[in-house]
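K.L.:
Heads up, the sequence shown is in this note's numbering, so the first residue is 3 and it goes up one at a time. C-beta atoms are modelled at their ideal positions from N, C-alpha and C, and glycine is treated no differently. All figures in this text were calculated on a predicted structure; none of them were measured in a lab. Here it is, the structure, as structure tokens.
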Amino acid sequence: MTRKNRESDAVRLKSMPLWQWGAILIFAGMVANMVIGLQAVPSNRAAARGQALGRGVATGLFVAVGAGMMLFDVMRRKPVSQKTSKHKGKVRSE
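Written as structure tokens, this is what we have:
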């Protein structure tokens, strides 16, 4: 039985793109909302409203952070500029 190198696992997790982490966060927020919804609803109306508000805020934060990570990943990618292209934007006239 061989031992796994823990550094390789950490490096693999760090090398995941941000859009994947964002998708994981959004999915985790939705699952957490469903799991919290399985709890018994308090008999007190104020407590029930507080519980619903907490569920909404938690899910909203998960979705907002996940969408922000996805957006940051898209914005971070550099477009191909004309400086790196072959013709440098010049058109030959023959």
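Hey, residue 65 and residue 28 are a contact pair by Cβ (cut 8 Å); roughly how many whole angstroms apart?
P.N.:
Indeed, because the Cβ distance is near 5 Å, the residues count as touching under 8 Å.
K.L.:
If you follow the alpha helix (DSSP H) that residue 35 is part of, which residue opens it and which one closes it?
P.N.:
It spans 20-39 - the alpha helix (DSSP H) in which residue 35 sits, taken as one unbroken run.
K.L.:
Suppose you measure from the CA of residue 75 to the CA of residue 45; what does that come to, to the nearest Å?
P.N.:
Each residue's alpha carbon lies about 44 Å from the other.
K.L.:
Could you please give the first and the last residue of the uninterrupted alpha helix (DSSP H) stretch that includes residue 79?
P.N.:
It is not in any alpha helix (DSSP H) - residue 79 carries neither H nor E in the DSSP assignment.
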